[in-house]
Each structure stands twice: as C-alpha cells, then as structure tokens.
Amino acid sequence: MTDMTNRIGPRSWGWVRPVAWAFAAVLLLLPLIAMRIAPDSGVNWTVSDFIFAAMLLGGIGLAAEVAVRVSPDWYYRAGAALGLAAGFFLIWANGAVGYIGNEDNPYNLVFFGVVAIAFTGAVLSRFRGKGMAVAMLAAGLAHAAAGLGGVAADPVTAPITLAFVAMWLGAAWLFRRSALREA
160 MTDMTNRIGP
170 RSWGWVRPVA
180 WAFAAVLLLL
190 PLIAMRIAPD
200 SGVNWTVSDF
210 IFAAMLLGGI
220 GLAAEVAVRV
230 SPDWYYRAGA
240 ALGLAAGFFL
250 IWANGAVGYI
260 GNEDNPYNLV
270 FFGVVAIAFT
280 GAVLSRFRGK
290 GMAVAMLAAG
300 LAHAAAGLGG
310 VAADPVTAPI
320 TLAFVAMWLG
330 AAWLFRRSAL
340 REA
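Okay, here's the thing in structure tokens:
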C-alpha cells in the first residue's frame, strides 16, 4: 500500500499553485498601488525595481515548483520553503536597504555569497535531501561568519543575523529529516 500522507494530490491541493502565483503577482503590484494611492508614502519604485522584484519572485516560485516535484516528503518541502524564504528575505532586504549599514556598503556583497553557497550546494547535490542539508548548513555557517564580521560596523544586525542563521539551520534540519526518511 502506498503512503499518501506525504503527497499533495491534484484534488486536495490543486488550488495551492494558482493561489501562490496570484499572491506573488499581488506582492508585485502592491508598490505600484502604493505609489498611485499615496504618492507621499515614500514608495518610489523604478522600472528596474519592478523587474528585479519580478525576477526574484519568479525565481523563488520556480524553485518552489521544482521542490514540490523533486520530493513528495513534507520535511523536504518545508526545508525548501524555509531555505527559499531565507534566500528571498536576504536578497530583498540587502537590495532594498542593505544588511550592514546602507545598500551602498560593499560589505553587503558578502551576503549575496551566502545565497550563492546555498544555490550552488543545491545544484551540486542534485537537490537530494542529504546534499541539501549540507548546503543549508554551509549557508547558515557562512551567514553566521558574515554577520559576525559585520557586527562591529552595525551592531543592530546581530539579532537579524541570528534569525537568518536559524532559518538556514532549520532548513538543514528539515532536509536531514527528509534524507533519513528516504534511507
């Protein structure tokens, strides 16, 4: 008998994909609406900001689609969701206001390296649970090191760094749980 507890069937969860993509579209439209309704709100996006946001949201959406297809295991999917959320928020915050100081601080480029580590590790592991666990662990350790290096310049980032490291390590734990269930 096949265990269906870890699978999302087309009948029970078929609504998730269109709702998720619609949510991404709404997120992309919010700044446009804010600029139209309240021009003095401080929201002033350029065309390049919208393109960047669309690429980021689209990339995260496509990566989530891949994760759902790679494994039916809920631990795997939760690990992918947490890792993607960490990467998304890190890129978004770093690009918008900067992680250390403002967005013009060259040290902030180091944090894009954390996302590159997670992405490269995922590709090299061919998206398998055990390798994904290692990739997320490496991203968490790299983020901790980068955050510690920047705390002297901007002490406010210490709790933010802890939150991101917890996300990366949480994703690693979830992928590890998934890998143990596969074995």
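Everything in the sequence shown is counted per this note's numbering, starting at 160 for the first residue and increasing by one.
From the three backbone atoms N, C-alpha and C, an ideal C-beta is built for every residue, glycine too.
Specify the secondary structure class of residue i as computed by DSSP and reduced to three states.
i, result
"Phe286", "coil"
"Val269", "helix"
"Ala311", "coil"
"Asp232", "coil"
"Ala256", "The sequence given here has Val at residue 256, not Ala. Coil at Val256, not helix or strand."
"Trp174", "coil"
"Ala275", "helix"
"Ser200", "coil"
"Asp263", "coil"
"Thr370", "Here the chain has residues from 160 to 342 only, and residue 370 is not among them."
Have a look at the options and flag the residue whose alpha-carbon is nearest the alpha-carbon of residue i.
i, options, result
"Gly304", "Ala330, Ile219, Leu216, Leu321", "Note that residue 304 is Ala in the sequence shown here, rather than Gly. Of the listed residues, the one whose Cα sits closest to Ala304 is Leu321."
"Val324", "Ala297, Tyr235, Gly173", "Ala297"
"Asn261", "Met291, Leu300, Gly329, Thr316", "Thr316"
"Gly308", "Arg340, Pro265, Ala223, Leu328", "Pro265"
"Ser345", "Phe278, Ala301, Ala255", "Because the chain is modelled from 160 through 342, residue 345 falls outside the range shown and cannot be assessed."
"Trp251", "Ile210, Met291, Glu224, Gly201", "Ile210"
"Pro318", "Ser200, Leu283, Gly306", "Gly306"
"Ala312", "Ala281, Pro198, Gly257", "Gly257"
"Phe417", "Ala226, Ala222, Asp263", "Residue 417 falls outside the range modelled here, since the chain spans only 160 to 342, and no answer is possible."
"Pro177", "Glu224, Asn253, Ile196, Leu300", "Glu224"
So, for residue i: in the same chain, excluding its five sequence neighbours on each side, which residues have a beta-carbon less than 6 Å away from its beta-carbon?
i, result
"Val229", "Phe286"
"Ala212", "Leu187"
"Lys289", "Ala338"
Taking residue i and residue j to be in contact with their CB atoms under 8 Å, please state how far apart those CB atoms are, rounded to whole angstroms.
i, j, result
"Asn203", "Met194", "7 Å"
"Met295", "Ala330", "4 Å"
"Asn267", "Ile276", "Actually they do not touch by this definition, with Cβ atoms about 16 Å apart."
Within the same chain, show all residues whose beta-carbon is closer than 7 Å to that of residue i, passing over the 5 residues directly before and after it, in chain order.
i, result
"Trp180", "Gly220"
"Ala237", "Leu333"
"Arg340", "Asp232, Tyr234"
"Leu249", "Phe270, Val273, Val274, Phe323"
"Met291", "Gly238, Ala281, Ser284, Phe334"
Around the C-beta of residue i, are 16 or more other C-beta atoms found within 10 angstroms, so that it is buried, or is it exposed?
i, result
"Leu243", "buried"
"Pro169", "Only weak support exists for where Pro169 lies, its pLDDT of 47 falling under 50; the value from the coordinates is given anyway. Result: exposed."
"Gly217", "exposed"
"Ala245", "buried"
"Val274", "buried"
"Phe270", "buried"
"Val293", "buried"
"Leu191", "exposed"
"Trp327", "buried"
Between residue i and the ligand SAM, is there a pair consisting of the residue's CB and a ligand heavy atom that are separated by less than 8 Å?
i, result
"Gly217", "With respect to small molecules bound, the structure shown includes none, and the ligand SAM cannot be examined in it."
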